[in-house]
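Using my numbering, the first residue of the sequence shown is number 47, and each one after it goes up by one. Note that beta-carbon positions come from the ideal geometry of N, C-alpha and C, so glycine has one too. See below for the structure under consideration.
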Amino acid sequence: MTAQELREKFLKFFEEKGHKVLPGSSLIPQDDPSVLLTTAGMQQFKKWFAGIEKPAYRRVVTLQKCVRVDDIEEVGDNTHLSFFEMLGNFAFDDYFKKEAIEWGIEFIQNELGISKDKISFTYFGGSDNLPEDTESLEILKNILKIPEDKIKPMGMEDNFWGPTGDEGPCGPTVEFYVDDVEVWNLVFNQYYRTLEGKYETLDQNGVDTGLGFERVLALLENKKSFWETELFLGIIQKVKELATENNDHSNKVIVDHLRTAVFLLADGVLPSNLDKGYVLRRLIRRAIRHGLVLGIGSPFVSEIAKKVIEIYKEAYPELSKNKDLILVELGKEEQKFNEALSKGLKEFEKLKIEKEISGKTAFDLFQTYGFPIEMIEELAEEKGLKVDKEGFEKEFKKHQELSRKGAEKKFKGGLASGGEMETQYHTATHLLHQALRIVLGDHVKQAGSNITAERMRFDFTHPEKLTPEKLKETEDLVNEQIKANLPVICEEMSVKEAKEKGAIGLFEAKYGDKVKVYSIGDFSKEICGGPHVKNTSELGTFKITKEESSSAGVRRIKAILEK
Numbered sequence: 047m048t049a050q051e052l053r054e055k056f057l058k059f060f061e062e063k064g065h066k067v068l069p070g071s072s073l074i075p076q077d078d079p080s081v082l083l084t085t086a087g088m089q090q091f092k093k094w095f096a097g098i099e100k101p102a103y104r105r106v107v108t109l110q111k112c113v114r115v116d117d118i119e120e121v122g123d124n125t126h127l128s129f130f131e132m133l134g135n136f137a138f139d140d141y142f143k144k145e146a147i148e149w150g151i152e153f154i155q156n157e158l159g160i161s162k163d164k165i166s167f168t169y170f171g172g173s174d175n176l177p178e179d180t181e182s183l184e185i186l187k188n189i190l191k192i193p194e195d196k197i198k199p200m201g202m203e204d205n206f207w208g209p210t211g212d213e214g215p216c217g218p219t220v221e222f223y224v225d226d227v228e229v230w231n232l233v234f235n236q237y238y239r240t241l242e243g244k245y246e247t248l249d250q251n252g253v254d255t256g257l258g259f260e261r262v263l264a265l266l267e268n269k270k271s272f273w274e275t276e277l278f279l280g281i282i283q284k285v286k287e288l289a290t291e292n293n294d295h296s297n298k299v300i301v302d303h304l305r306t307a308v309f310l311l312a313d314g315v316l317p318s319n320l321d322k323g324y325v326l327r328r329l330i331r332r333a334i335r336h337g338l339v340l341g342i343g344s345p346f347v348s349e350i351a352k353k354v355i356e357i358y359k360e361a362y363p364e365l366s367k368n369k370d371l372i373l374v375e376l377g378k379e380e381q382k383f384n385e386a387l388s389k390g391l392k393e394f395e396k397l398k399i400e401k402e403i404s405g406k407t408a409f410d411l412f413q414t415y416g417f418p419i420e421m422i423e424e425l426a427e428e429k430g431l432k433v434d435k436e437g438f439e440k441e442f443k444k445h446q447e448l449s450r451k452g453a454e455k456k457f458k459g460g461l462a463s464g465g466e467m468e469t470q471y472h473t474a475t476h477l478l479h480q481a482l483r484i485v486l487g488d489h490v491k492q493a494g495s496n497i498t499a500e501r502m503r504f505d506f507t508h509p510e511k512l513t514p515e516k517l518k519e520t521e522d523l524v525n526e527q528i529k530a531n532l533p534v535i536c537e538e539m540s541v542k543e544a545k546e547k548g549a550i551g552l553f554e555a556k557y558g559d560k561v562k563v564y565s566i567g568d569f570s571k572e573i574c575g576g577p578h579v580k581n582t583s584e585l586g587t588f589k590i591t592k593e594e595s596s597s598a599g600v601r602r603i604k605a606i607l608e609k
C-alpha cells in the first residue's frame with residue numbers, strides 16, 4: 047500500500063461510516079491564539095468540542111499536517127519527527143467510545159490487514175483528580191472480548207490527552223499498539239480543563255482520534271522505522287548524493303527539518319527571530335549546521351526542498367503552488383546564515399571560556415550570527431563546555447519585549463503626525479494591505495510603514511519583485527474599495543475576539559485587555575491604534591508611484607492619494 051493509498055483508504059472508510067471529509071487546516075492556527083502552530087487534527091474543531099459553536103457536522107474525518115518542536119533535540123531517532131501527518135475521525139455529541147473503538151479495530155484488521163494477535167491496548171487507569179475510564183475497559187474486555195493481557199491501564203501522562211494550550215477540551219484515551227508500537231490515539235473529550243486547572247464535565251461528549259500516518263506506513267511496508275519508507279528514502283538518498291561524509295543522525299535531522307520548513311513556508315511562515323518565524327529559522331539553520339557535518343557544499347537546502355515537494359505534491363498541492371516562494375526564501379536564509387556562520391564560528395573559537403558559556407554570550411551569538419541555542423549547545427558540548435540556558439532565555443525575553451514595543455508602534459501606522467492627509471493615507475494602508483493579500487497571497491504581512499502629509503510608504507513580506515500586472519491589479523482593487531464608499535468602523539475587543547473575527551494582527555504580541563479593530567466594509571479588518579477616516583469616499587484616487595526591495599524577503603510600495 048502506497049502512502050497516498052493509505053490516506054485515501056482512511057478517508058473513504060470513515061466517509062462510508064457517515065463522516066464528512068473536510069480539509070486539514072493550515073499550520074498557522076486560524077482560530078486558536080493559545081498555540082503557535084497546528085499540532086493536532088482537533089485544533090480546528092476546539093469550539094465544536096467545547097460547545098462554544100454549533101458543529102456544522104456531527105461526524106468529520108480529516109488528513110492533518112502537524113508541527114511539534116518540543117522534542118526537536120530528539121529528532122534523528124526512530125520515534126520523533128518535527129512534521130508529521132495525522133489521520134483523524136471526529137464526533138461531536140454523536141457516537142462515543144464503543145463505536146470509536148470498534149471502528150478503529152475494524153479499520154486496522156480488515157482494511158489494513160493487520161493480525162488481531164499483533165494489536166494491544168492501553169486505557170486511562172485514573173489519577174488523584176479523575177476516575178478510571180471503566181467504560182472503555184468494559185468495551186475492550188467484555189464487549190469486544192479482548193484478552194486481559196492485551197489491555198493495560200496507564201496514568202495521566204500516557205492516557206489522558208489535552209488540552210492544546212492552557213485550557214480547553216480534554217479527556218481519557220485508548221491507545222492502539224501494533225507489535226508494541228503506538229499507532230492510534232483515541233481521545234474521548236468529556237472534560238474541559240480551566241485555566242485554574244479544574245476539570246469540568248462537558249455538556250456534550252466528543253471523539254477525537256489521531257492515527258500516526260508515518261508509523262502505520264512503516265508497519266505496512268514491513269520496515270523497522272518510518273525513515274525506511276517511501277516518504278523519506280528518496281530525500282535521504284539526495285542528502286547522501288550531496289555529502290562527502292556519512293552520518294546517519296545528521297542525514298535524518300536534515301531531512302526532517304527541511305521537510306518541516308517546506309510545509310511552514312507553503313503556509314506563509316517566513317524566517318525571523320520571533321515566534322513562528324523563529325521556529326522556521328531554527329529548523330533551517332540546524333539543517334545547514336548538520337550539512338557542515340556531512341561536508342555538503344552550499345547551496346544545498348533548495349535541492350532537498352525540491353525532493354520534498356516532489357514526494358508530497360499529490361497529497362499537498364499547496365507545495366507546488368508555492369514552490370517558487372519556498373525555494374527563494376530557503377536560498378536567502380541559507381546565504382544569510384552561511385555568511386554569518388563563518389564569522390560566528392571564528393568568534394566562537396576565540397572564546398576563552400573554562401566551564402560555561404554565559405547567557406549573555408550565548409544570546410550575542412544568537413543575535414549577531416543567528417546561532418540557534420541548540421547549535422550553541424552542540425558546539426559547546428564539542429568543547430566540553432556547558433551553556434547557561436536559563437540566562438539565555440532571560441536575554442531572549444528582553445529581546446521579545448523590545449520587539450513587541452516595536453510591534454505596537456506598527457499598529458499606530460507609522461504616522462509622522464495626526465493631520466487630515468496623514469489620516470487618509472493611514473486608512474489607505476489598510477486597503478493596500480488587504481489588496482496585496484488578495485493579489486499575492488496570505489503570506490503577505492505588514493513589515494512597517496511611514497506616512498507623511500505628501501505620501502505613504504508600506505513595507506510587506508514577499509519574496510520577489512511585483513510585476514506591472516500585479517501592481518495594476520493591486521492599485522485597481524484599492525480604488526474599487528474607495529469608489530464603493532465603504533464605512534470605516536471601530537470596535538474594541540480582546541485580542542482573542544479580534545482573531546476570532548478574522549482581524550489581521552501580530553497576535554503573539556501582548557497588548558492591553560482591549561484592542562481597537564477597524565473594519566472597512568467587508569473588505570478589511572485589522573488591529574490598529576491610528577486615526578482613520580469615516581468612509582473610503584474621502585480618500586480620492588490611490589496611485590502607486592514606486593515598488594522596490596526594502597530588505598531580504600520584504601518589498602516596499604510608495605503611493606499617493608490624488609484629489
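**Message:** I'd like to know whether the C-beta atoms of Val-229 and Trp-207 end up nearer to each other than 8 Å.
**Reply:** no
**Same chain only: Cβ atoms within 6 Å of Ser-565, ignoring 5 sequence neighbours per side** = Ile-535, Lys-571
**Item:** Between the CA atoms of Thr-407 and Glu-428 - distance to the nearest angstrom
**Value:** 17 Å
**Item:** CB contact flag (Asn-235, Phe-95, <8 Å)
**Value:** yes
**Prompt:** When you compare only the Cα positions, how much space is there between Ser-595 and Arg-602?
**Reply:** 6 Å
**Prompt:** In terms of DSSP beta bridges, what is Phe-206 paired with?
**Reply:** Pro-218
**Item:** Euclidean distance between Cα positions of Glu-178 and Phe-170
**Value:** 6 Å
**Request:** Mind reading off the beta-carbon distance from Lys-389 to Lys-432? Whole number of angstroms is fine, and I expect it under 8 Å.
**Result:** Actually they do not touch by this definition, with Cβ atoms about 24 Å apart.
**Prompt:** Candidates Val-253, Gly-430, Met-467: which alpha carbon is nearest Gln-89's?
**Reply:** Val-253
**Asked** Do Ser-366 and Lys-359 have their CB atoms nearer than 8 Å?
**Response** yes
**Item:** Limits of the unbroken beta strand (DSSP E) element including Phe-170
**Value:** 165 to 170
**Asked** Smallest Cα separation from Asn-124: which of Glu-274, Lys-143, Val-490, Pro-199?
**Response** Glu-274
**Alpha-carbon to alpha-carbon, Ile-350 and Glu-267** = 24 Å
**Asked** In three-state DSSP terms, what is Tyr-103?
**Response** coil
**Asked** Do you know how far the Cα of Gln-470 is from the Cα of His-126?
**Response** 52 Å
**Asked** Is the CB-CB distance between Lys-191 and Thr-168 below 8 Å?
**Response** no
**Prompt:** Phe-60 lies in the beta strand (DSSP E); which residues open and close that run?
**Reply:** Unbroken run through Phe-60 is the alpha helix (DSSP H), 49 to 61; no beta strand (DSSP E).
**Request:** Inspect the beta-carbon positions of Arg-331 and Phe-409 and report whether they are closer than 8 Å.
**Result:** no
**Item:** Proximal residues to Asn-531 (C-beta, below 7 Å), its chain only, five neighbours per side dropped
**Value:** Asn-581, Thr-582, Ser-583
**Asked** Where Asp-70 and Val-81 are concerned, what is the direct C-alpha to C-alpha distance, given to the nearest angstrom?
**Response** For the sequence presented, residue 70 should be read as Gly rather than Asp. Near 17 Å, if we compare the C-alpha coordinates of Val-81 and Gly-70.
**Prompt:** Smallest Cα separation from Leu-186: which of Ser-161, Ile-160, Glu-221, Glu-608?
**Reply:** Glu-221
**Prompt:** Would you report the Cα separation of Leu-607 and Leu-517, rounded to the nearest angstrom?
**Reply:** 16 Å
**Prompt:** Between Lys-244 and the rest of its own chain, which residues show a CB-CB distance below 8 Å, the 5 nearest in sequence each way excluded?
**Reply:** none
**Message:** Rounded to the nearest angstrom, what separates Glu-157 and Trp-149 at their Cα positions?
**Reply:** 11 Å
**Asked** In the stretch 530 to 578, which residue ranges form an unbroken alpha helix (DSSP H) of at least 4 residues, counting only runs that do not cross its ends?
**Response** 541 to 546
**Cα-Cα separation, Gly-416 to Val-315** = 18 Å
**Request:** State the Cα-Cα distance for the pair Lys-456 and Phe-272, rounded to the nearest angstrom.
**Result:** Caution applies to Lys-456, whose pLDDT of 44 falls short of 50 and renders its modelled position unreliable; the value that the coordinates give is listed next. Cα-Cα distance, rounded: 45 Å.
**Request:** Select from His-578, Met-502, Ala-333 the residue whose C-alpha is nearest the C-alpha of His-303.
**Result:** Ala-333
**Asked** Looking at Lys-378 and Gly-64, is the spacing between their C-beta atoms short of 8 Å?
**Response** no
**Request:** Taking only the alpha-carbon atoms, compute the straight-line gap between Leu-326 and Leu-310 and give it to the nearest angstrom.
**Result:** 7 Å
**Ser-161, buried or exposed, once every other Cβ within 10 Å from all chains shown has been counted against 16** = exposed
**Prompt:** Does the separation of the CB atoms of Thr-255 and Gly-134 fall below 8 Å?
**Reply:** yes
**Request:** Whole angstroms is fine: what's the gap from Leu-277's alpha carbon to Thr-498's?
**Result:** 53 Å
**Prompt:** What's the call for Ala-462, buried or exposed, on a 16-neighbour Cβ count within 10 Å?
**Reply:** No answer about Ala-462 holds up, because its pLDDT of 46 lies below 50 and its placement is not dependable.
**Prompt:** Apart from the five residues on each side of it in sequence, which residues of its chain come closer than 7 Å, Cβ to Cβ, to Glu-510?
**Reply:** Val-374
**Anticipated Cβ contact below 8 Å, Arg-335 with Phe-129, distance rounded** = In fact, because the Cβ distance is near 18 Å, the residues do not count as touching under 8 Å.
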